[in-house]
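What follows is a set of notes on a single structure, which appears directly below.
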């Protein structure tokens with residue numbers, strides 16, 4: 001018996017180098033992650049000094065995003081202006097005026113427009129910016145007994 005043996009040599013072929021593109025886009029975005037209320041406590045209309053309070057707003061933005069944080073006039077505002085006594089709490093009958101400020105001295109009204117809002121640039125997408133809100137109820141307001149409330153919109157523009 002005769003046989004023929006064929007030997008085959010397998011050669012690995014190499015294709016020319018190529019690249020696979022991988023892309024992503026990161027959008028600028030911001031979100032209010034939490035708040036703590038500006039809780040003034042007990043207001044005494046007969047007191048000779050104003051009543052102060054404070055709260056916080058936590059805002060998280062994409063790293064490198066610049067955001068303007070404004071506070072609305074509130075649900076019970078006397079006008080659409082962001083002046084100190086425009087903002088008011090109510091007990092359903094009476095109104096109790098108050099101001100919201102961006103500084104501890106309560107001299108810079110935290111506004112509802114780009115004139116008196118707060119601008120922050122985010123340095124981390126993970127860590128929120130914590131902004132202090134300082135409130136003050138002027139003394140000598142003629143209001144009745146009761147619990148007073150208001151709700152203020154937080155507007156973040158980026």
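Numbering (UniProt numbering), first residue to last: 1 to 158. Just so it is clear, CB atoms sit at the ideal spot from N, CA and C, and this is done for glycine as well.
Just tell me which of the options has its CA closest to the CA of residue i.
| i | options | result |
| --- | --- | --- |
| residue 33 | 113, 147, 132 and 57 | 57 |
| residue 104 | 120, 153, 67 and 136 | 136 |
| residue 132 | 150, 148 and 39 | 39 |
| residue 116 | 47, 72, 29 and 44 | 72 |
| residue 108 | 77, 134 and 30 | 134 |
| residue 158 | 91, 31 and 45 | 31 |
Exposed or buried, residue i, counting other C-beta atoms within 10 Å across all chains shown (16 or more means buried)?
| i | result |
| --- | --- |
| residue 123 | exposed |
| residue 11 | exposed |
| residue 70 | buried |
| residue 64 | exposed |
| residue 17 | exposed |
| residue 49 | exposed |
| residue 127 | exposed |
| residue 86 | buried |
| residue 118 | buried |
| residue 77 | buried |
| residue 145 | exposed |
CA-CA distance, residue i and residue j?
| i | j | result |
| --- | --- | --- |
| residue 60 | residue 14 | 49 Å |
| residue 93 | residue 26 | 49 Å |
| residue 41 | residue 22 | 56 Å |
| residue 74 | residue 111 | 11 Å |
| residue 129 | residue 55 | 14 Å |
| residue 141 | residue 121 | 39 Å |
Using a threshold of 9 Å, state whether the C-beta atoms of residue i and residue j are closer than that.
| i | j | result |
| --- | --- | --- |
| residue 101 | residue 88 | no |
State yes or no: is the C-beta of residue i nearer than 8 Å to some heavy atom of the ligand NAD?
| i | result |
| --- | --- |
| residue 90 | What this structure holds is no ligand at all, so the ligand NAD is not there to describe. |
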